[in-house]
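Residue numbering for the sequence shown follows our numbering, starting at 183 and increasing by one per position.
C-beta: ideal position from N, C-alpha, C; glycine also.
Notes for the one structure printed next.
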Amino acid sequence: MRTIVITGASDGIGAAAARQLADTDARLILIGRSPEKTQAVAEATGAEYHLADFTRLDEVRRLARVLNESCSRIDVLANNAGGMFSGPVTTPDGFEKTFQVNHLAPYLLTHLLIDRLLDSRAAVVNTSSIGARLFGNIDLDDLNNWQGFTPNKAYGDAKLANILFTKGLHERFHARGLSSVAFHPGNVATNFAADTDSYFQRVYHGVLKRFLISPQQGGARLRHFIDGKPGGTWASGEYYGTPRRIGSTNRQASDPEIVREHWQRSADMLDIGW
Ligand SMILES: NC(=O)c1ccc[n+]([C@@H]2O[C@H](COP(=O)([O-])OP(=O)(O)OC[C@H]3O[C@@H](n4cnc5c(N)ncnc54)[C@H](OP(=O)(O)O)[C@@H]3O)[C@@H](O)[C@H]2O)c1
């Protein structure tokens, strides 16, 4: 039986994907931040669940311990938790919140699960965004975006970081059986951007909301990558703008030096080695 771990499964795209996977023959493990919301989705889907607030890396480490202890295999890790936030906000770990929640926390979680993922020849599915191309412009000397923070720029950089991480994972681990992919889920009417002063707050929570696709449609795109066959349905190391087409994204994503340097600086910030 496949074991599927989905972060950000308490709401929006992650919760919709979980509901769609509920009737499949898989062990489904949902990760959320809010106890009430996560428990409600878990009960509706018959899934297991665990809690972790990604603004606290000690909670990410605890989550990884629980998963390593309770899972003899992990076939799919869907790093989906994230969003656009106001800022800059310093987390208890000393990093900027948008950068930590969207990138550093899933980077650390994947690192702490890497043995299990390699043993299972797993797929790591990263929910990125078209925002990587529209707003991303990473300064390797200021990954936190302390200088000139705007919610859009910080979000674009963080979703570009998801793509750089996908490529880094592919480069390091694909030869050992692990596959990785990043994708844009569409512009989906979820709780996205609820907590920001960006104009996206008005787009996602005002009259324009009716032009967005439904959470079910966004969830189906995540499910497509979770269920898909690496090397068949999707190609490892790539970013998909739509479910079936490798998308053009930020030009920084095609610079191997930036991929490697971003990986190394993330590891240095967390004081970890792969
Ligand atoms: N909606 C879009 O149009 C769109 C477009 C491109 C990419 N995306 C990406 O899609 C992913 C899912 O977003 P969504 O649209 O489904 O938004 P959502 O409805 O706000 O769901 C976001 C999920 O991430 C969780 N999360 C947020 N902050 C967290 C934290 N500090 N620690 C742990 N979990 C946290 C949320 O938990 P709570 O329930 O506790 O808030 C929720 O489960 C994100 O990575 C987002 O960047 C969305």
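- At the C-beta level, Asn327 and Ala336 come within 7 Å of one another.
- Closer than 6 Å to some heavy atom of ligand 1: that does not describe the Cβ of Gly330.
- Under the criterion of beta carbons closer than 8 Å, Thr378 and Met451 do not qualify as touching, at roughly 24 Å.
- In this structure, Phe236 sits near Ala263, with a CB-CB distance shorter than 7 Å.
- In this structure, the C-beta of Ala263 approaches ligand 1 to less than 6 Å from one of its heavy atoms.
- Annotated as distal: Pro367 and Gly419, with beta-carbon spacing of 7 Å or more.
- Taking a cut-off of 8 Å on C-beta distances, the stretch 299 to 315 touches the stretch 420 to 431, as three or more cross pairs fall below it.
- Annotated three-state conformation of His366 is coil, per DSSP.
- Ligand 1 has a heavy atom closer than 6 Å to the beta-carbon of Val370.
- Annotation for Ser252 indicates a beta carbon at 6 Å or more from all heavy atoms of ligand 1.
- When C-alpha distances from Leu351 are compared across Phe331, Leu300, Leu316 and Ala375, the shortest belongs to Leu300.
- The residue among Val370, Gly318, Gly228 and Lys279 with its C-alpha nearest the C-alpha of Arg403 is Val370.
- At a Cβ-Cβ threshold of 7 Å, Gly338 and Gly318 count as neighbours.
- Buried is the label assigned to Ile296, since at least 16 other Cβ atoms lie within 10 Å of its Cβ.
- Looking at the DSSP output, Leu259 shares a beta bridge with Val187 and Val306.
- At least one heavy atom of ligand 1 lies less than 6 Å from the C-beta of Phe236.
- For Val363, the shortest C-beta to heavy atom distance toward ligand 1 is 6 Å or greater.
- Cα atoms of Leu390 and Pro397: separation of roughly 15 Å, rounded to the nearest angstrom.
- For Trp456, the number of other beta carbons within 10 angstroms of its own is below 16, and it is reported as exposed.
- Here Val258 is near Ala305, since their CB atoms are less than 7 Å apart.
- Here the alpha carbons of Gly190 and Ala198 stand approximately 11 Å from one another.
- When rounded, the separation of the alpha-carbon atoms in Leu203 and Leu290 is 26 Å.
- For Ser361, the secondary structure class from DSSP, reduced to helix, strand or coil, is strand.
- Under the DSSP assignment, Gly423 falls in the beta strand (DSSP E) whose first and last residues are Glu420 to Thr424.
- Between the alpha carbons of Ala376 and Gly414 lies a distance of about 36 Å.
- Shown here, Trp456 sits in coil according to DSSP, grouped into three states, outside any helix or strand.
- Using a cutoff of 6 Å, the CB of Lys219 counts as near ligand 1, since one of the ligand's heavy atoms is closer than that.
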